[in-house]
Amino acid sequence: MIINASAAGGTTEGGLERLPAHLKHRIDIFILELGINDAFRGVPVDQIRNNLQRIIDKVKARNPNVRVLIAGMQLPNYAADDYVSSFGKIFGDLASKNGAALVPYLLQGVAGDPAMNLSDGIHPNVAGQKILAETVWEALQPVVREVATLPSRGERGTSATKSGSH
Numbered sequence: 000m001i002i003n004a005s006a007a008g009g010t011t012e013g014g015l016e017r018l019p020a021h022l023k024h025r026i027d028i029f030i031l032e033l034g035i036n037d038a039f040r041g042v043p044v045d046q047i048r049n050n051l052q053r054i055i056d057k058v059k060a061r062n063p064n065v066r067v068l069i070a071g072m073q074l075p076n077y078a079a080d081d082y083v084s085s086f087g088k089i090f091g092d093l094a095s096k097n098g099a100a101l102v103p104y105l106l107q108g109v110a111g112d113p114a115m116n117l118s119d120g121i122h123p124n125v126a127g128q129k130i131l132a133e134t135v136w137e138a139l140q141p142v143v144r145e146v147a148t149l150p151s152r153g154e155r156g157t158s159a160t161k162s163g164s165h
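Per numbering that gives the first Met the number 0, the sequence shown starts with residue 0, numbered consecutively.
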């Protein structure tokens, strides 16, 4: 079973608030894709990092054998300041700290390309979504294979929850 727990305009704080309802289910693979909307709002990087870590901690507390995949984001390089740089490092740091799989940049090959985005220039269109799916699958496929081969899980099937924003 796959549960899409994402919410349009989702933030890390909102993800924390929505999380308890999803922790009622067993989670084998948890895909975490949050943070960019926080950054657009100027939320301090430490707060974004702490919220993401709290989400991971809560998921692991209820599902000790969960595999986590973190989908990284980057801010457009409007100004290569400390905030932009610090924000971009959150996802790799969290993946390393938590032994999580990582999509270094979810919008790789899509961001900034008018042919891959809706007229707002931010959200991927159908063509862009196909690239996103391929990008995520590249990191997710080995995790799915690993989880599927574990005897205690393979017999019961797997479940995945995606927490993110659209």
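Backbone N, C-alpha and C define an ideal beta-carbon position, used for all residues, glycine too.
Residue i, buried or exposed, once every other Cβ within 10 Å from all chains shown has been counted against 16
{"i": "Q73", "result": "buried"}
{"i": "D80", "result": "exposed"}
{"i": "G111", "result": "exposed"}
{"i": "A7", "result": "exposed"}
{"i": "T148", "result": "exposed"}
{"i": "N3", "result": "exposed"}
{"i": "L105", "result": "buried"}
{"i": "A20", "result": "exposed"}
{"i": "I1", "result": "exposed"}
Neighbourhood of residue i by C-beta distance below 8 Å, restricted to the same chain and skipping five residues each side
{"i": "P113", "result": "G120"}
{"i": "V142", "result": "I28, R66, L68, A100"}
{"i": "E154", "result": "For E154, the predicted structure reports a pLDDT of 43, less than 50, and the residue's modelled location is therefore unreliable. The matter cannot be settled from this model."}
Nonlocal neighbours in the same chain, by C-beta distance under 7 Å from residue i, ignoring five residues either side
{"i": "G156", "result": "Because the pLDDT at G156 is just 47, under 50, the model does not fix this residue reliably, and the point stays unresolved."}
{"i": "D166", "result": "Given a span of 0 to 165 for the chain in the structure shown, any question on residue 166 remains unanswerable."}
{"i": "S85", "result": "V44"}
{"i": "R186", "result": "The structure shown has nothing for residue 186, since the chain only spans 0 to 165."}
{"i": "Q107", "result": "T134"}
Local conformation of residue i per DSSP, three classes
{"i": "I30", "result": "strand"}
{"i": "V83", "result": "helix"}
{"i": "L106", "result": "coil"}
{"i": "L93", "result": "helix"}
{"i": "T157", "result": "Reliability fails at T157, whose pLDDT of 47 lies under 50, so the model's placement of it is uncertain and no value is given."}
{"i": "R152", "result": "Note on R152: pLDDT 47, under 50, position unreliable in the model; no value is reported."}
{"i": "A99", "result": "coil"}
{"i": "N62", "result": "coil"}
{"i": "P123", "result": "strand"}
{"i": "A7", "result": "coil"}
Own chain residues within Cβ distance below 6 Å of residue i, not counting five before or after
{"i": "V109", "result": "M115, P123, G127, I130"}
{"i": "A70", "result": "E32, V102, L105"}
{"i": "E133", "result": "none"}
{"i": "A94", "result": "I69, L101"}
Residue i: first and last residue of the uninterrupted beta strand (DSSP E) it sits in
{"i": "V67", "result": "66 to 70"}
Boundaries of the alpha helix (DSSP H) in which residue i is found, first to last residue
{"i": "N3", "result": "That residue, N3, is in no alpha helix (DSSP H); its beta strand (DSSP E) goes 1 to 3."}
{"i": "A38", "result": "35 to 39"}
Residue i at chain D interface by Cβ criterion, 9 Å
{"i": "A114", "result": "Among the chains of the structure shown, chain D does not appear; only one protein chain is present."}
(message) Three or more C-beta pairs under 8 Å: does that hold for the region 82 to 94 against the region 118 to 133?
(response) With fewer than three CB-CB distances shorter than 8 Å, the region 82 to 94 does not count as touching the region 118 to 133.
(message) Counting beta carbon pairs with one atom in the region 10 to 30 and one in the region 53 to 68, are three or more of them shorter than 8 Å?
(response) Yes, the region 53 to 68 touches the region 10 to 30.
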